[in-house]
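Below you'll find the structure, written out as structure tokens, and then a few comments.
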Amino acid sequence: MSLPPIHPLACDVLVIGSGAGGLSVAVTAAHLGLSVVVAEKTSHYGGTTAWSGGWMWIPRNPLAREAGIQEDIDQPLSYLRHELGERFNEAQARTFLENGPGMVDFYRRRTALQFIDGNAIPDFHGQTPGAATGGRSVCAAPFDGRRLGQRLYDLKPPLHETTLWGMGIAAGAELRHFFNALHQRTSLWYVTQKLVRHVWDLLRYRRGTQLVNGNALVAGLARSLLDKSGRIVVNSPATRLLRDGKRVTGAVLQTPEGPLHVQARCGVVLACGGFPHDEDRKRQRLAHAPTGREHWSAGSRSNTGDGLRLGESAGGQVRDDLTQAAALAPVSLVPRDRSHPGDDTPAQGHAHFPHLIERAKPGLIAVNRHGSRFTNEASSYHDVMQGLLAATPQGEAPEAWLICDHDFIRFYGLGAVKPAPLPLTPWLANGYLKQGSTVRELAQACGIDPVGLQSTITRYNTLAIEGHDHDFGRGTTAYNRIQGDAARATARGLSNPCMGPIEHGPFYAVKVVMGSLGTFAGLRVNDQAQVLDAHQQPIAGLYANGNDMSSMMGGHYPAGGITLGPAMTFGYIVAHHLAGIDPAHSPLNDSTASN
Ligand SMILES: Cc1cc2nc3c(=O)[nH]c(=O)nc-3n(C[C@H](O)[C@H](O)[C@H](O)COP(=O)(O)OP(=O)(O)OC[C@H]3O[C@@H](n4cnc5c(N)ncnc54)[C@H](O)[C@@H]3O)c2cc1C
């Protein structure tokens, strides 16, 4: 797509990066009357956000309140205090918790972005004081992509391997319909309707338009920005900051027409999505990646640490004191024989598939090369990988295998492998999926100790029938259980929704390696997300948001949505700061949250 000329070359706010971290500032600033340019490095806007689940952790949000879930600010504050320990920054946590509800309210009332509730979604660690069993998150509501007009075509599509022929599937009820499509008439009807519309979209628009999850989030944000005459320019990486003394006054964009100097009267926001694909920084910050290559992030390939380097060039500091520098997740490497528009994955390379759905379902275990389980597979993706790191002896690669039987894979799929009626043969042929008619045969195909694997499965099956995981406590928290499948477990006479025996061959496995959903370590900022210099002083005109801002969770992962929730909320705060307005008295907000 050719770049429209930018007239004038001056604006109030220049945002670098077009994920939630960037667009949230841009939309709010535009609604506050500021002129905004969003510069995106690649040919498509949306970043990792467009591939994400689109869930945002926002305690005390209006959708929860309307459903009667009322909580005092001290409850989520207490949860964060206990979860983050020494990394807990009360002032920052309060700023986030106080502004989150107002942010949601603003979008609901004044923009194209709408939400669905997460009132049944628990925090990750139900035993921690202050944990909630629901009401602390929201997700972007489905969005009709046709509302974007021509800008539908440079919206980054969802990661192909997470879709059905390019069609995104929303978590929760919609996903259940897809699992049940061959078993329940209502689900078959639902899925048929979706697919018919998708085929029509492909014929008419050359891509899906029933946008869900992170794709709906980016689409809603983009529509809201364009409605206020904000601009998103693609193929325009920022390569250098412009400065007047210490103050940051703009940036140089490398456009197809050549370098373009953009002056930003109020400030520049770095939102380039952290460093998931910056080998140098990964080598420095991730102990499990000694050369920087042993970390296969599922984040956008274009997130190569540019924002952090730009920040450092102006005196900013990247924090090195986080408990964990990345939002860890199990990732499998999916062979590709062709490229897909907008995802920057090499045509003959591997897609990085994040395993977020199937680990807690009854009938799957994760084992190491000795064939042993090492953690509670139903825990969060981050905790599972922390468990793998802890269980891996020094010098060994932290790798694992997800193991299941035939019934499981045909019902739920496994990683990129889709459930029945879609065939398994392509995945067996390209080596992504391993198969054995017996457990021993499967172990041999994977290079796992066969005796170890057989004895692990025998023990696991006994525990599954009993309903208690005495080894790792699978199914003991509300989060575990909601990730499981109570309906299917009950139908099979099982009492633990996360455990079912692995019994009828053939057996299957997919290898998972260390990966992430993004990075946590970013630029040190103050409560308004202004980038701080080595003396803890704000650098005038420079802000960071999204994963370029060091995570307020300090390297902990207390709940789903803890990157997009803060990204959306601090985007709202930054925009107000840029406009010189206290968000507590925002003209955008009719119902500011009270403590
Ligand atoms: C499969 C998956 C599911 C996830 N689900 C969730 C979820 O439900 N909830 C949640 O909270 N988190 C989730 N995450 C994590 C979350 O998506 C990311 O942490 C978040 O999107 C990061 O937002 P961002 O704005 O910082 O970066 P991004 O969304 O990645 O945007 C950064 C953009 O900056 C651009 N850029 C880079 N360098 C430059 C430059 N020099 N000039 C201009 N542009 C540049 C990039 O190309 C990119 O488009 C998920 C991640 C994955 C992979």
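This note's numbering numbers the first residue of the sequence shown as 122 and each following residue consecutively.
Positions of the beta carbon are idealized from the N, C-alpha and C atoms, including for glycine.
Since the model is a prediction, treat every value here as computed from it, not as a measurement.
Any heavy atom of ligand 1 within a distance shorter than 7 Å of the CB on Lys555?
-> Checking the Cβ of Lys555 against ligand 1 gives no.
Check whether the Cβ of Ala359 sits closer than 7 Å to any heavy atom of ligand 1, and report yes or no.
-> The nearest non-hydrogen atom of ligand 1 is less than 7 Å from the C-beta of Ala359.
Inter-stretch contact (C-beta, 8 Å, three-pair minimum) for the segment 351-362 and the segment 374-384 | Segments in contact, yes.
Option in Ile237, Tyr629, Leu381, Arg231 with minimal Cα separation from Ile179 | Residue Ile237 is the option with its Cα nearest to Ile179.
Near ligand 1: Thr579 beta-carbon under 7 Å from a heavy atom | In terms of side-chain proximity, the C-beta atom of Thr579 is found no nearer than 7 Å to any non-hydrogen atom of ligand 1.
Can Gly221 be considered in contact with ligand 1, in the sense that its beta carbon sits closer than 7 Å to one or more heavy atoms?
-> Distances from the CB of Gly221 to the heavy atoms of ligand 1 are all 7 Å or more.
Identify whether Val136 lies in helix, strand or coil by the three-state DSSP scheme.
-> In the structure shown, Val136 falls within a strand segment according to DSSP collapsed to helix, strand and coil.
Exposed or buried, which one is Glu161 when buried takes at least 16 other CB atoms within 10 Å?
-> Glu161 comes out buried.
Beta-carbon separation of Ser637 and Ala419 under 8 Å?
-> Yes, Cβ-Cβ distance for Ser637 and Ala419 is below 8 Å.
Own chain residues within Cβ distance below 6 Å of Ala680, not counting five before or after = Cβ within range, chain order: Trp178, Asp244, Phe245.
Cα separation between Arg422 and Gly614?
-> If you take the alpha carbons of Arg422 and Gly614, they lie about 44 Å apart.
Could you tell me whether the Cβ atoms of Pro333 and Pro380 are closer together than 8 Å?
-> In the sequence on display, residue 333 carries Val and not Pro. The answer is no: Cβ separation not under 8 Å.
DSSP three-state assignment for Tyr200, whether helix, strand or coil | Reduced to three states, the DSSP call for Tyr200 is helix.
Minimum C-alpha distance to Ala385 - residue among Val159, Asp427, Phe691, Ala188 = Nearest C-alpha to Ala385: Val159.
Work out the CA separation of His476 and Ser453 for me, nearest whole Å.
-> Approximately 8 Å, taken between the alpha carbons.
State yes or no: is the C-beta of Ala665 within less than 8 Å of the C-beta of Gly643?
-> Result yes, Cβ atoms of Ala665 and Gly643 sit closer than 8 Å.
Among Ala233, Phe299, Glu624, the one whose alpha carbon lies nearest that of Ser525 | The question names Ser, yet the displayed sequence has Cys at residue 525. Looking at the Cα atoms, Glu624 is the closest of the given residues.
Examine ligand 1 and report whether any of its heavy atoms sits within less than 7 Å of the Cβ of Cys393.
-> Yes, the Cβ of Cys393 comes within 7 Å of a heavy atom of ligand 1.
Note down the Cα distance separating Gly426 from Asn668, rounded to an integer number of angstroms.
-> Each residue's alpha carbon lies about 10 Å from the other.
Starting from the Cα of Thr559, find the closest Cα among Pro571, Val631, Phe529 and give me that residue.
-> For the set Pro571, Val631, Phe529, the Cα lying nearest the Cα of Thr559 is the one of Pro571.
Nonlocal neighbours in the same chain, by C-beta distance under 6 Å from Leu324, ignoring five residues either side = Closer than 6 Å at Cβ, skipping near neighbours: no residue.
Neighbourhood of Thr169 by C-beta, 7 Å cutoff - its chain only, sequence neighbours within 5 removed | The residues are Gly140, Gly394, Gly420, Ser421, Asn424, Gly639.
Integer Cβ distance of Ser616 from Val646, believed to fall under 8 Å = Actually they are not in contact, since the Cβ atoms of Ser616 and Val646 sit about 47 Å apart, beyond 8 Å.
Residues bridged to Pro389 by DSSP?
-> Pro is not the amino acid found at residue 389; the sequence shown has Val there. The bridge partners DSSP lists for Val389 are Leu135, Leu663.
Check whether the Cβ atoms of Asn710 and Gly223 lie closer than 8 Å to each other.
-> Cβ atoms of Asn710 and Gly223: closer than 8 Å.
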